[in-house]
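Chains as they are written, first to last, in the working numbering: chain D, 88 to 171; chain Y, 349 to 739; chain P, 19 to 219.
Here a beta-carbon is modelled for each residue, glycine too, at the ideal position from N, C-alpha and C.
Remarks on the structure that follows.
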Amino acid sequence: MSELKEKLKTQIIEQLNLEDLTIADIKNDSPLFGDEGLGLDSIDALEFIVLLDSYYGIKIDDPAIAKEIFHSVDSMADFIESKK
Amino acid sequence: MEIFITGYGVISSIGTNVEENLSSLMQERTAIKQGLNSYTSKFKVGEVALSNDALKSAFDLKTDGSRTALLGMVAAKEAFKNHSHFNALRTGLISGTSVGGMDISEVEYRKEMAGEKPNYKKYFHHPSGTTSEQIATEIGITGFVNTISTACSSAANAIMMGARLIQSGQLDRVVVGGTDCLTQFTIYGFRSLMIFDDEWCKPFDNSRKGLNLGEGAGFLVLESKKSLEITGKEVLAKLSGWSNASDAYHQTASSPDGDGAILSMKQALKQARLEPHEINYVNAHGTATPNNDLSESKAFINVFNGKVPPFSSTKSYTGHTLAASGGIESVFAILSIQNGLLFPNLNHTSPIEETGLIPIINIQKNIEVTHVLSNSFGFGGNNSTLIFSKI
Amino acid sequence: MKIIGHCYINPRGAFFNGQNVLIATEENYLKNYFSELKIDYSKFYKMDLLSKGAFLGDYLLRNSYKDLLHVENELQFIFANTSSSKETDIRFIESYERKKNPSPSLFVYTLPNILTGELAIKHKWFGENIFYILTKFDSEFFNDQIVMSFLRGNEYCLCGWVEMTGSPEDECFMFLVAKSEVVNENFSNNLNEILNTYRNE
């Protein structure tokens, strides 16, 4: 699981062009969206949907569900595990 | 200075000329359906049913070009028919487009990526500027030719720029509008933004899911008073107000309260020297995305002090024709004034919960329509409003 | 009409009011300038070439306007180029043709006028904004647009020629013009001289 989370962080940085961040800057449980977290926005959420599809073959059709899944690295990893 | 409209032309999925478009609007008939091309067939789109070759022969087009250019030629030709060349008049053309010749380039580029040899000559049609040059050539305009690319407000901005060039005395007469065709590129793009509705779009409905894309073109002929004296053309309506403002919120999303939309509508009203209650009909931007329709509704409530005039989104007929939408909907605004009609918003069953606003549901006939306000909002937070008035 | 500041960015260097401020030391010159200038704006990394160019140009120009009042509503953006958003267009096509997954963050930038949106968002500027496609830089065209803009009540025009496609010829030329009582008959000539000097640097 922790391996998955580290891998996710690398993929997030790459997919979202977060060139100013390193893996160490992203905490497992901190919110990814909004000003308190990484400051990601709605377009980034859509890019997460692409990420899940390209790397994990998981398709999400409803952007509304995406909000919960993409809350943090923890929640993303849980979701990916649950789909295995 | 007054800006007179003496010509209009439109091609969209609901008709290949003004008369056909009017007839579909009056019969409350949408043309949004499963597409005809490989890249449109999986979706509900407002596609013009004629192929490029069919367009060329049906409208006797002499100039070659991308589908965007061909559609533009058809509408510009209709707008400019019966208009003649006058040495004493400086005539220009301003066209808005967002995809330009992408429909041709994407086919060649796909070949290139697959290792096949593309036809490099075809890339010639790609630039948006070329699209406008080709339209100008087709209708015989050789003077001022300009292209605007501000996403879905492109045509509205082209109309606005035309009015300003007449006001400042740089032009006497100008053909203005916009054109965009459906492409694989735009379909994939809007799909990736997840603002597509797989069913018929439902503007201003509480259960709206997103937009249907469409294609087409709409053009107007604007003239100064001096030009009118020479051309002697019949005036269809006046362009009495125009404005553009930034929303300054997000690259693609509208601000929650419609700040840019409020500014744009208020400034257009001020310029037209009209009070909000004098507007008889609002042709909304109304894309049917959850974000646009809520934001635009809130802006209506603000600008019209809670007394929102009859409004509708005709994108439920044509689909969202992107850079062309401001041109097509300007033609619809003039048709509303000329025929005393208020066009209904299709597929509406329940008002948006937050605002309770109900658009026009059934066609309204024999209405005294004096002033129509038309909105066009583009990605990049580019918000434009035009006001058309009875002569 | 008074030019109160101008700047120029290309793959070799960045200039402000005729002075060379930065020299590119890396191939990714826009990122290079951004880190040299130590700007704190993480959204920069997500932008396309055009928005990055205009963002940096605006940053170089900031000293020309930061003390001016009324910029918020009475400033108009007038931008133009020839190739629209060609570089991002190609990258977006590749995202769905090669990777089979159309990228929403690329699609957003397949419109050139997003760059004016980025500047408006950054500064909360609510004024007019427009993007033209021209065959080449046309100083007379800019002159005419600025004159008309001032006539209808704008006080400032932030203008830009942002022709960037990922080629060595890429350039971002920006200039801020203030309304003034003095008529500047030589405006378009001045503009051409400034740009030509930059191009020959």
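Any Cβ of chain P within less than 8 Å of the Cβ of residue i?
| i | result |
| --- | --- |
| S89 (chain D) | no |
| D165 (chain D) | no |
| V137 (chain D) | yes |
| E106 (chain D) | yes |
| L133 (chain D) | yes |
| S572 (chain Y) | no |
| D140 (chain D) | yes |
| Q599 (chain Y) | yes |
| G525 (chain Y) | no |
| T485 (chain Y) | no |
| L611 (chain Y) | yes |
| G383 (chain Y) | no |
Rounded C-beta distance between residue i and residue j? I'm assuming under 8 Å.
| i | j | result |
| --- | --- | --- |
| L129 (chain P) | S446 (chain Y) | 6 Å |
| G449 (chain Y) | T478 (chain Y) | 6 Å |
| F159 (chain P) | L152 (chain P) | 6 Å |
| G726 (chain Y) | C529 (chain Y) | With 8 Å as the limit, G726 (chain Y) and C529 (chain Y) do not qualify as a contact, their Cβ atoms being about 18 Å apart. |
| R521 (chain Y) | L570 (chain Y) | 7 Å |
| S497 (chain Y) | S476 (chain Y) | 6 Å |
| L7 (chain P) | L194 (chain P) | Outside the shown range of chain P, which is 19 to 219, sits residue 7 (chain P), and nothing can be said about it. |
| A609 (chain Y) | G558 (chain Y) | Incorrect: roughly 19 Å between the Cβ atoms, too far for contact. |
Using 8 Å as the limit for Cβ to Cβ distance, is residue i near chain Y?
| i | result |
| --- | --- |
| P7 (chain P) | Nothing can be reported for residue 7 (chain P): it is not among the residues displayed for chain P, which extend from 19 to 219. |
| P118 (chain D) | no |
| E115 (chain P) | yes |
| S102 (chain P) | yes |
| D188 (chain P) | no |
| F155 (chain P) | no |
| G221 (chain P) | One cannot answer for residue 221 (chain P) here, as it falls past the ends of chain P, which runs 19 to 219. |
| K197 (chain P) | no |
| K142 (chain P) | yes |
Strictly under 8 Å for the Cβ-Cβ distance: is residue i near chain B by that measure?
| i | result |
| --- | --- |
| S129 (chain D) | Considering every chain present, this structure includes no chain B. Its protein chains are D, Y and P. |
Under the rule that 16 or more other beta-carbon atoms within 10 Å means buried, what is residue i, buried or exposed?
| i | result |
| --- | --- |
| S724 (chain Y) | buried |
| A397 (chain Y) | exposed |
| N81 (chain P) | exposed |
| Q375 (chain Y) | exposed |
| P658 (chain Y) | buried |
| G564 (chain Y) | buried |
| T388 (chain Y) | buried |
| K154 (chain D) | exposed |
| F62 (chain P) | buried |
| H473 (chain Y) | buried |
| T666 (chain Y) | buried |
| A402 (chain Y) | exposed |
| P692 (chain Y) | buried |
| T662 (chain Y) | buried |
| T490 (chain Y) | exposed |
| T109 (chain D) | exposed |
Interface residues of chain D around residue i at Cβ under 8 Å?
| i | result |
| --- | --- |
| A681 (chain Y) | Chain D residues near A681 (chain Y): none, gap ~32 Å exceeds 8 Å. |
When the cut-off is 8 Å and only beta carbons count, does residue i lie next to chain D?
| i | result |
| --- | --- |
| M461 (chain Y) | no |
| Y26 (chain P) | no |
| Y127 (chain P) | no |
| M421 (chain Y) | no |
| Y63 (chain P) | yes |
Using a Cβ cut-off of 9 Å, pull out every chain D residue sitting near residue i, in sequence order please.
| i | result |
| --- | --- |
| S60 (chain P) | L105, E106, D107, L108, L125 and G126 |
Please compile the residues from chain Y whose C-beta is within a distance smaller than 7 Å of the C-beta of residue i.
| i | result |
| --- | --- |
| M166 (chain P) | R512 and S516 |
| A138 (chain P) | S594, A596 and G729 |
| I111 (chain P) | E454, Y457 and F533 |
Using a cut-off of 7 Å between C-beta atoms, extract the partners of residue i located in chain P.
| i | result |
| --- | --- |
| T498 (chain Y) | N131, I148 and F149 |
| R539 (chain Y) | P120 |
| T339 (chain Y) | Since the first residue of chain Y shown is 349 and the last is 739, residue 339 (chain Y) is not available in this structure. |
Output, in chain order, the set of chain P residues within a Cβ distance shorter than 9 Å of residue i.
| i | result |
| --- | --- |
| R438 (chain Y) | Ordered by position in chain P, no residue passes the 9 Å Cβ test against R438 (chain Y), which lies about 13 Å from the chain. |
| Y536 (chain Y) | F110, I111, S113, Y114, P120 and F125 |
For a contact meaning CB atoms closer than 7 Å, what does residue i contact in chain D?
| i | result |
| --- | --- |
| Y216 (chain P) | In chain order: nothing, as chain D lies at least about 28 Å away. |
| M542 (chain Y) | L133 and P150 |
Below 8 Å on C-beta distance, what does residue i contact in chain Y?
| i | result |
| --- | --- |
| L169 (chain P) | S516 |
| D66 (chain P) | None at all; the shortest Cβ gap to chain Y is about 10 Å. |
Every unbroken alpha helix (DSSP H) inside the stretch 52 to 97 of chain P [4 residues or more]: 67 to 83 and 89 to 92
Contiguous alpha helix (DSSP H) assignments of at least 4 residues, all confined to the stretch 445 to 478 of chain Y: 450 to 461
Beta strand (DSSP E) runs contained entirely in the stretch 349 to 399 of chain Y, provided each spans 3 or more residues: 351 to 360
Alpha helix (DSSP H) segments (min. 4 residues) lying fully within the stretch 593 to 667 of chain Y: 607 to 619, 638 to 651 and 663 to 666
Ranges of the beta strand (DSSP E) found wholly within the stretch 108 to 194 of chain P, counting only runs of at least 3: 147 to 151 and 174 to 181
Runs of alpha helix (DSSP H) lying entirely within the stretch 469 to 530 of chain Y, each at least 4 residues, in chain order: 476 to 487 and 502 to 515
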